[in-house]
Amino acid sequence: MANTETSLKEAASIEGAIGAALVDYTSGMALGTIGGGKELDLNVAAAGNTDVVRAKVRAMEMLGLGEEIEDILITLGRQYHLIRLLRTQGSNGLFMYLALDKERANLAMARHQLKKIASELQV
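Add 3 to a position in the sequence shown, counting from 1, and you land on the number used in the numbering used here.
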């Protein structure tokens, strides 16, 4: 099992990564960040994507689908934004956020790697 710092470093090493964060979507606070900088304010992204996760969770409940959200993909002109909800013990209400440069990233591999990282994270 990996801790927050190790998991964020692994996420940042994914090909094309711009930045990553571990976020508590009950509060909107980033519990840890790596990367970002001038290109991307990860604290603002954490807060904004909290609204996305909350809205999707509500929509899933209203639809009564009985499914759990694995990840959410937002595609921009030059970036991919991946949101991976955590399902490990003690991680309820948390998600990993990963921003990728579209030209340098392999989306399928990034999703696979983020899934693995999230499954090994112990908070």
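Yeah, the Cβ is synthetic: ideal placement off N, Cα and C, and Gly gets one too. This structure is a prediction, so every number in the text was calculated from the model and none was measured.
Under the three-state reduction of DSSP output, I72 falls in the coil class, being neither helix nor strand.
T9 and L68 have their C-alpha atoms spaced approximately 34 Å apart. Within a 10 Å sphere around the beta-carbon of M99 sit 16 or more other beta-carbons, which makes this residue buried. For R87, no alpha helix (DSSP H) run applies; the uninterrupted beta strand (DSSP E) run containing it begins and ends at Q82 to L88, by DSSP. Taking all protein chains in view, the Cβ of N6 is surrounded by fewer than 16 other Cβ atoms within 10 Å, so the residue is classified as exposed.
For T78, the three-state secondary structure derived from DSSP is strand. Taken atom to atom, the span from the alpha-carbon of I72 to that of M4 is near 22 Å.
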